[in-house]
Amino acid sequence: MPAKRSPEFVDTGLITPARMRVVDANAIALGVTELQLMESAGRGLAEQVLTFGPTRVLILSGKGNNGGDGMVAARHLRRHAETEVCYLDAGPRSIACEHQLRALKHAHVGMHPFASRDDLEAIRPLFEKAEVIVDALLGTGVSGSLKEPLKTCVAMATASPAKIVAADIPTPGMRADRICAFHRPKIEGSTVIDIGIPVEAECFTGPGELTLIPPRSRKAHKGHGGEVLIVGGGPYQGAPWLAGLGALRAGADIVRIASPVFEPVPDLIYERLEGKAIGAEHTERLIALGEKADVVVCGNGLGTESHSVVTAIAPHCKKAVFDADALRLPLPVAAGGTIYT
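Residues -19 to 321 (the numbering used here) make up the sequence shown, in order.
Structural data, given as structure tokens:
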């Protein structure tokens, strides 16, 4: 039976680390556990390593989930090649990585903890004899320059004659002969491994989206949380006000409602539009309001007669969310970023 292709509307291009964390969290909320995702990633990684036909493999594992992926790969590789695991043994590990380390200790593979340059020098022959080295040291969340002993570990691996396979993304400074990206590529030229994330984890909003809301600074004042303009109402007057309260709850500091209908909500700023519905005569004012806002939400309770106004103001919005009655052809597109809900 042929494999099912992803629907055409699902993006398969590059994904940012922040967006990937959203997708992971949504997949877990849909019932795919973190350990299941890690098992699928590690097994796929092992399959890619075996395409090189190695007899000796060295896995370099860090303390996070990327390191756990490498440890899973080691369990699957041990029946096909002499497998050694060199793992960072300094500081706490992620819960999933700790789980994989415990399982690996019963898998009959060579285990070599390192916490210093001297530890790495003692196992230098493993780097020199390996035919394939798996780079599972650091994942997508890393930033800044490498510190010891990782700096020495990367230098030893890069200087070795082995092929190097990177798990998801190469550690900074590491040579990579193949990059095995999990779910979607993070950089160009990656080989993508399907780890069983449901389509719904990307297409539907879930708890993962909450990770995108930055924590509020203790020194923040009004304006730091941004300004939202909501354009809607007329035929259906409650929708824009509910959206406005939602924007406040999400962290926006200033929320304006541009609507023909006034609802007395003291937390929201009412921008009155004359008439019973939003029409062409309001376009100029809405453009001016939209240019001031950080995000425009458009379509809530708008009705079916105002779409020409939506398409006219869309190019003037920095970012926009189009909902409900704004979702008509031609779809409006904001200048700086568009979300359709």
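Just so you know, even glycine gets a beta-carbon here, dropped at the ideal spot from N, CA and C. Note that the structure is a prediction, hence the values are computed from the model and not measured.
- Looking at the DSSP output, Asp98 shares a beta bridge with no other residue.
- For Ile144, same chain residues with a beta-carbon under 7 Å away, outside a window of 5 residues either side, are Ile113, Asp115, Ala137, Met154, Arg155, Ala156 and Asp157 in chain order.
- For Val179, no beta strand (DSSP E) encloses it, and the DSSP letter there is neither H nor E.
- Less than 7 Å separates the beta-carbon of Cys66 from that of His92.
- In the DSSP assignment, the residues bridged to Ser239 are Arg252.
- The alpha helix (DSSP H) runs lying completely inside the stretch 111 to 166 and spanning 4 residues or more are 130 to 139, given in chain order.
- When rounded, the separation of the alpha-carbon atoms in Arg198 and Pro240 is 37 Å.
- Here DSSP, grouped into helix, strand and coil, assigns Pro93 to strand.
- In the three-state scheme derived from DSSP, where H, G and I count as helix and E and B as strand, Leu30 is classed as helix.
- Residue pairing by DSSP places Ala300 opposite Val276 and Thr318 in a beta bridge.
- Following the DSSP letters along the chain, one finds Glu62 inside the beta strand (DSSP E) bounded by residues Glu62 to Leu68.
- Three or more beta-carbon pairs drawn from the stretch 176 to 193 and the stretch 3 to 17 are found closer than 8 Å, and the two stretches are therefore classed as touching.
- In this structure, Thr35 lies near Ala61, with their beta-carbon atoms less than 7 Å apart.
- Excluding sequence positions up to five before and after Glu128, its CB lies within less than 8 Å of the CB of Ser96 and Arg97, all in the same chain and listed in chain order.
- Between the alpha carbons of Ala306 and Val208 lies a distance of about 17 Å.
- Counting only runs of 4 or more residues that sit fully inside the stretch 197 to 239, the alpha helix (DSSP H) segments are 218 to 230, in chain order.
- In the DSSP annotation of this structure, the continuous segment of the alpha helix (DSSP H) that includes Ser288 starts and ends at His287 to Ile293.
- Under a 10 Å Cβ-count criterion, Pro310 is classified as exposed, with fewer than 16 other Cβ atoms of the shown protein chains found around its own Cβ.
- Restricting attention to Leu248, Gly(-7), Glu27 and Ile210, the CA atom closest to the CA of Arg59 is found in Glu27.
- Here the alpha carbons of Gly206 and Ser288 stand approximately 27 Å from one another.
- Nearest to Ala219 by C-alpha distance, out of His204, Glu64, Phe242 and Gly203, is Phe242.
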